[in-house]
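Some notes on the structure that comes next.
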Amino acid sequence: MAGFRARSQELVDLGVVPYPAVTLVLDLGDGPLAVGDGTGRPQGGGLVLGLASSGVRGSGRGIECLQLRLSPVLAHAVLGGGAARAGGEVLPLEGLWGREAGRIEERLRAAGEWEERFALVAQALARRAAAGRAVDPEVAHAWHRLAASRGTARVERIAEEVGWSRKRLWSRFRDQLGLGPKRAAQLIRFDHAAHLLAAGRSAAGVAAQSGYADQSHLHREVLAFTGATPSAVAAAPWLAVDHVAWADPGYLSGR
Numbered sequence: 001m002a003g004f005r006a007r008s009q010e011l012v013d014l015g016v017v018p019y020p021a022v023t024l025v026l027d028l029g030d031g032p033l034a035v036g037d038g039t040g041r042p043q044g045g046g047l048v049l050g051l052a053s054s055g056v057r058g059s060g061r062g063i064e065c066l067q068l069r070l071s072p073v074l075a076h077a078v079l080g081g082g083a084a085r086a087g088g089e090v091l092p093l094e095g096l097w098g099r100e101a102g103r104i105e106e107r108l109r110a111a112g113e114w115e116e117r118f119a120l121v122a123q124a125l126a127r128r129a130a131a132g133r134a135v136d137p138e139v140a141h142a143w144h145r146l147a148a149s150r151g152t153a154r155v156e157r158i159a160e161e162v163g164w165s166r167k168r169l170w171s172r173f174r175d176q177l178g179l180g181p182k183r184a185a186q187l188i189r190f191d192h193a194a195h196l197l198a199a200g201r202s203a204a205g206v207a208a209q210s211g212y213a214d215q216s217h218l219h220r221e222v223l224a225f226t227g228a229t230p231s232a233v234a235a236a237p238w239l240a241v242d243h244v245a246w247a248d249p250g251y252l253s254g255r
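All the letters of the sequence shown, read from the start, carry residue numbers 1 to 255 under UniProt numbering.
Encoded structure:
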């Protein structure tokens, strides 16, 4: 979890770089935070960005929000399978949590300190995770293997490890996490490359370090995920705060 606050009343308009997690955004500011995925009108309030979300932009003035990144394995239980249904879209949290979404937002607005807000959300997540339905252990294993290998583990080998056919693993993975294992691997690999680019590494070096065939291969995947070039992604404001906001395994508040 991380807390974000833009104290200035100037308009903030940021493109969101895709990330291998299901993202929840809880709007706590005085002015509305509008988030859109290019498929319709921008939405506000509590929102869920699916694992395959791309083309997402957030804008507003005086922004204050709490953002969560959930492993899709956890998100399946916490969101009642809604993360998989979201796919690449932005969905209202109320549609998945009902009235509880509004109640949590009210409690978060009443809490003045970030630490109290984080604790409230952690309690809500724990309750829903305990009551929710977990993904298949084989699907969880596949996701963790892909994440640990930064997207380079072969799906065929993972299927052998869990004792499933490649077709069965592909089907169950997609049904429960919202995208196939190959696409998940591409997203994880892209994320690793994007952060290396943001750290100032050359595109050629990043391609070699991240498992791409060559620099052109990297360029094509970055363009497919973001609609931008590697140099533009390297300068993305959204990536610039990652090392601050997400540096701790638990949470830090970003300013």
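Backbone N, C-alpha and C fix where the C-beta goes; we use that ideal spot for every residue, glycine too.
Everything numeric in this text was worked out from a predicted model, so none of it was measured.
#1: So, at 6 Å on beta carbons, what are the nonlocal neighbours of Ser134 in its own chain, with the 5 sequence-adjacent residues on each side left out?
#2: Can you tell me which of Gly50, Gly29 and Val56 puts its alpha carbon nearest to the alpha carbon of Val35?
#3: Quick check: what's the CA-CA separation for Arg61 versus Glu156?
#4: So the alpha helix (DSSP H) Asp191 belongs to, where does it begin and stop?
#5: Could you check if Asp214 is buried or exposed, using at least 16 other CB atoms within 10 Å of its CB as the buried criterion?
#6: Which value, in whole angstroms, describes the spacing of the CA atoms of Ala2 and Ala126?
#7: Leu70 and Ala21 - do their beta-carbons sit closer together than 7 Å?
#8: Ends of the beta strand (DSSP E) at Pro92?
#9: Contact between the region 211 to 227 and the region 183 to 196: three or more CB pairs below 8 Å?
#10: Run through DSSP, which three-state label would Asp175 get?
#11: Whose C-beta lies closer than 6 Å to the C-beta of Leu14 among residues of the same chain, with five residues either side of it excluded?
#12: Is Gly13 helix, strand or coil when you go by DSSP?
#13: Under 6 Å Cβ to Cβ from Val139, same chain only, skipping five residues before and after it: list those, please.
#14: Alpha carbon to alpha carbon, how far is Glu160 from Gly151?
On the basis of the supplied data:
#1: Counted from its first residue, the sequence shown places residue 134 at position 134. The displayed chain sequence assigns Ala, not Ser, to residue 134. So the list reads Ala77, once near-sequence residues are dropped.
#2: Here residue 35 refers to the residue found at position 35 of the sequence shown. Ranking the options by Cα distance to Val35, first place goes to Val56.
#3: The residue given as residue 61 occupies position 61 in the sequence shown. The residue given as residue 156 occupies position 156 in the sequence shown. Going from the Cα of Arg61 to the Cα of Glu156 covers about 48 Å.
#4: What you label residue 191 is simply residue 191 of the sequence shown in a count that begins at 1. Counting along the chain, the alpha helix (DSSP H) containing Asp191 begins and ends at Pro181 to Ala198.
#5: Start at 1 with the first residue of the sequence shown, and residue 214 comes out as number 214. Classification of Asp214: exposed, given that the 10 Å Cβ count is below 16.
#6: Against the sequence shown, residue 2 aligns to sequence position 2. Against the sequence shown, residue 126 aligns to sequence position 126. Each residue's Cα considered, the two are about 17 Å apart.
#7: Counting from 1 along the sequence shown, the entry for residue 21 is found at position 21. Counting from 1 along the sequence shown, the entry for residue 70 is found at position 70. Closer than 7 Å, so yes.
#8: As a first step, residue 92 must be located in the sequence shown, where it is residue number 92. Unbroken beta strand (DSSP E) run through Pro92: Val90 to Pro92.
#9: yes
#10: Here residue 175 refers to the residue found at position 175 when the sequence shown is read from its first residue. It is helical.
#11: Sequence index remark: in the sequence shown, residue 14 carries index 14 (1-based). So the list reads Gly58, Pro237 and Trp238, once near-sequence residues are dropped.
#12: Position 13 of the sequence shown holds residue 13. One point to set straight first is that residue 13 is Asp, not Gly, in the sequence displayed. DSSP places Asp13 in strand when its eight states are reduced to three.
#13: Within the sequence shown, numbered from 1, the residue matching residue 139 stands at position 139. Result list for Val139: Arg172, Phe173 and Gln176, in chain order.
#14: As a first step, residue 160 is located in the sequence shown; it is residue number 160 there, counting from the start. As a first step, residue 151 is located in the sequence shown; it is residue number 151 there, counting from the start. Going by the C-alpha atoms only, they are around 17 Å apart.
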